Ligand SMILES: Nc1ncnc2c1ncn2[C@@H]1O[C@H](COP(=O)(O)OP(=O)(O)OP(=O)(O)O)[C@@H](O)[C@H]1O
Ligand SMILES: [Mg+2]
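Structural data, given as structure tokens:
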């Protein structure tokens, strides 16, 4: 008997049919991958399974029993746990508090902080998901925050773990560790539903795959008997041409457009600092930044974009210091989409405007016109420009951010995790855009936890570890093992 | 797409009225007597002009609260800013005799400066010491009121009467009357113009966009190059200046003097906050919600006179409206959380 079975699930949002009669059964102890394009309805289906959305038709069975799901509380009671695509933690609380929230260990009626910390450490130890229980979640990199979410579900003894794009922001090392964890828990009879855009993970880790497209199931496969090509065809209705490798391109020469000189970041909270980093980026080249989450990349890029003032050192752009606050010569795609790259409650049109509001005369018509052009050019799928950006599927919101930042002609382009959460077709498109920016003679600084992305795009890769650049590898030198070794601090 | 957002401004008053009717029935008041009395009290013979006159400070104070609210700053110090503006206008008019038009403009400018300064203080305190604006403005309000009161009782007091009020201001500083009763002054068009300006700036200018973005997600705005701290300070000062100006406008109108307590006692600030909350984040609704609550208040007094219903009942209605708006907002947040796109806590 399946652990969980979805029967004939249909879910509409206004005119949008996000799920259209979907059947899905999850066996006990399996890792079941759910894949599909951006907006295919994956997150919606997971939300229905977890009681977040009530379906317009269909129902959910748990161990063969029909569940009455009014809210996630019912799902949790039935042994389901979910890690959302958009993390839902309280940034002001500690790791331990976030994990135990809703089921806190108490002593004489008050939160027993020590017990909570012990529990977090024990679970972290058990599953290899280490996180400092006393750290404030708001100060942690996204990768670590996600571990906290997984810990929270495990803490509540979930028997079915729903993970919506858990690896979108993890480094390969962290992802590998996550899959070890997942194999471990499935060994104990926990079932895992895994939504992801990374077919490599699907093929390596899952037992079965269900493919969604336009809200319907377009393919069911046993992983052992399928291939990436077959999955792609089911996902997008055609096969992808093998990724055109970045043209060899003459080695960019000439002076550095961006010069980072001995930058040091001490202050603030957070585990990683930057200690005396220097490098340069020329026009017409893509420089990659690799590193385990929390190695100082975030702070370094904050300094480069002008959002943070370094304690020491300086950053020059075309010979002039970057402007504090945010230098208008820098296009910047941040990693933290709901926290920094977008205002979730504002309309799509308003979100697409940020940074350009002073460029020409402001008018509502002009704002919408600009938005319409961007949406069209970058293929963002949205029902309306006036709805809050938060109703877009994750990948489409990411495309909107890229559209806003890459459309201008700012000479320096800084991108963090550009393809997080976007489908395979769009990944290709985004890579082409970055390559195009380089070919136009812009300088591109690309931070990614996706090593294949770095290797495909970057001319040089800087590896950060504990706040320092510990290695600089050319595209040819940057094999997975050399990169991986450098990222963990072993000599590069 | 969302029921509660769209309908809150309508739903809340209707639900509040229903509840009020229940209260009336429970206390043995005939609603068929009370409601007509309420309407007559607000817009009936001779009362309309008074209601419109009361609308001016309510709408003005609504701006004083709503302008900083757009950047996410809560200005709860309206009373202090209002009283200080009023007394500053009186002092300016009494101490600096000027020719006609200037004798009105100068005190109003001083009033706006006084209110703006008192509100602005909250901004550096937040930036430097991290004290929330809601706390500073609230704590600075009573001293503002007290200072105004002291000035009216002592240095500026009308000698010999023993009343806590300033002497009548020089004629040149009187706002001309627009109607027969003298209650209506150019204060109405001034506040209406400010409202229109604000609505235009909010929806149709880059500054308004940056203000909205700051309120929606501060980090997003900062990332976009918006000077969020500066905007917070500017909107706070602007809100305070509007409050001060309202105080000045009231003082330069009948009875043409600063009377201690006259600005604060009617509770304009609270009514205005309720009106802004009722508008649930849609600025265009603020003039209407302000009008609704003003009518309720003015009508409440008529109801007391005619139907013997205590006018406190209308305060109950007002309170209920706020509670219902809050409940709807909470419900909305809960449904929002249910969406995959819900706001991250
Ligand atoms: N709360 C909502 N209101 C309106 N439309 C919604 C809402 N949630 C989802 N949608 C729409 O439903 C469709 C499916 O969205 P969903 O988030 O399930 O896609 P997804 O497969 O998870 O995509 P992605 O890979 O980009 O995360 C999209 O068209 C999306 O815009
Ligand atoms: Mg999704």
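Residue numbers (my numbering), protein chains in the order written: chain A, 1 to 492; chain B, 1001 to 1345. Glycine included, C-beta positions come from ideal geometry on N, C-alpha and C. Note that the structure is predicted; figures quoted are calculated from it, not measured.
- Looking from the CA of residue 1212 (chain B), the closest CA among A:211, A:372, A:353 and A:54 belongs to A:353.
- Taking a contact as a CB-CB distance under 8 Å, the pair residue 202 (chain A) and residue 182 (chain A) does not count as one, their CB atoms being some 12 Å apart.
- In terms of beta-carbon proximity, residue 346 (chain A) lines the interface with chain B, with at least one pair separated by less than 7 Å.
- A distance criterion of 6 Å places the beta-carbon of residue 390 (chain A) beyond contact range of ligand 2, judged by its closest non-hydrogen atom.
- By the Cβ test, the segment 1082-1097 of chain B is in contact with the segment 1113-1123 of chain B, since at least three Cβ pairs between them sit closer than 8 Å.
- Spatial neighbours of residue 228 (chain A) in its own chain (CB-CB distance under 7 Å, excluding positions within 5 residues in sequence) are listed in chain order as 199 and 203.
- Counting only the Cα atoms, residue 326 (chain A) lies some 5 Å from residue 306 (chain A).
- If you draw a straight line from the Cα of residue 3 (chain A) to the Cα of residue 63 (chain A), it comes to about 5 Å.
- Note on residue 262 (chain A): under 16 other CB atoms within 10 angstroms of its CB, so exposed under the neighbour-count rule.
- Residue pairing for residue 56 (chain A): DSSP places it in no beta bridge.
- In this structure, the straight-line span from the alpha carbon of residue 1049 (chain B) to that of residue 1043 (chain B) is close to 8 Å.
- Straight-line spacing of the CA atoms in residue 348 (chain A) and residue 1026 (chain B) works out to 49 Å.
- Judged by DSSP in its simplified three-state form, residue 9 (chain A) adopts strand.
- Annotation: residue 459 (chain A) has no Cβ neighbours in chain B at a cutoff of 8 Å; minimum Cβ distance is about 27 Å.
- Burial check for residue 1 (chain A): the Cβ neighbour count within 10 Å stays below 16, so the residue is exposed.
- Inter-residue distance for residue 1073 (chain B) and residue 1234 (chain B) is about 11 Å (C-alpha atoms, whole angstroms).
- Of all residues in the segment 316-347 of chain A, those with a C-beta nearer than 9 Å to a C-beta of chain B are 323, 325, 326, 327, 328, 332, 334, 336, 338, 339, 340, 341, 342, 343, 344, 345 and 346, reading in chain order.
- Each residue's CA atom was taken as its position, placing residue 260 (chain A) and residue 274 (chain A) some 12 Å apart.
- Within chain A, the residues 343, 346, 350 and 354 have their CB atoms less than 8 Å from the CB of residue 1213 (chain B), given in chain order.
- With a cutoff of 7 Å on beta-carbon distance, residue 1301 (chain B) and residue 1041 (chain B) are scored as near each other.
- Scanning the segment 1154-1183 of chain B from its first residue to its last, no whole alpha helix (DSSP H) run of 4-plus residues comes out.
- Cα atoms of residue 387 (chain A) and residue 324 (chain A): separation of roughly 32 Å, rounded to the nearest angstrom.
- Contact between the segment 55-69 of chain A and the segment 129-136 of chain A is absent, with fewer than three C-beta pairs closer than 8 Å.
- Taking CB atoms only, residue 208 (chain A) has no neighbour in chain B less than 7 Å away.
- Taking 7 Å as the cut-off, the Cβ atoms of residue 1019 (chain B) and residue 1320 (chain B) count as close.
- DSSP places residue 1035 (chain B) outside any beta strand (DSSP E); the residue lies instead in the alpha helix (DSSP H), whose first and last residues are 1031-1043.
- For a cut-off of 8 Å, the C-beta gap from residue 414 (chain A) to residue 330 (chain A) is around 6 Å, short enough to register as a contact.
- Per DSSP, reduced to three states, the secondary structure at residue 1256 (chain B) is coil, with no helix or strand assignment.
- Against chain A, the beta carbon of residue 1216 (chain B) has neighbours under 9 Å at 343, 344, 345, 346 and 350, listed in chain order.
- Among the residues of chain A, those whose CB is under 7 Å from the CB of residue 1210 (chain B) are 357, following chain order.
- DSSP places residue 1235 (chain B) outside any beta strand (DSSP E); the residue lies instead in the alpha helix (DSSP H), whose first and last residues are 1228-1251.
- Residue 1173 (chain B) and residue 1163 (chain B) have their C-alpha atoms spaced approximately 21 Å apart.
- DSSP places residue 22 (chain A) in no alpha helix (DSSP H) but in the uninterrupted beta strand (DSSP E) bounded by 16-26.
- The contact set of residue 307 (chain A) on chain B, defined by CB atoms closer than 8 Å, consists of 1222 and 1223 in chain order.
- Pairing residue 255 (chain A) with residue 416 (chain A), the inter-Cα distance amounts to about 24 Å.
- For residue 99 (chain A), the closest C-alpha among the options A:108, A:107, A:88 and A:109 is that of A:88.
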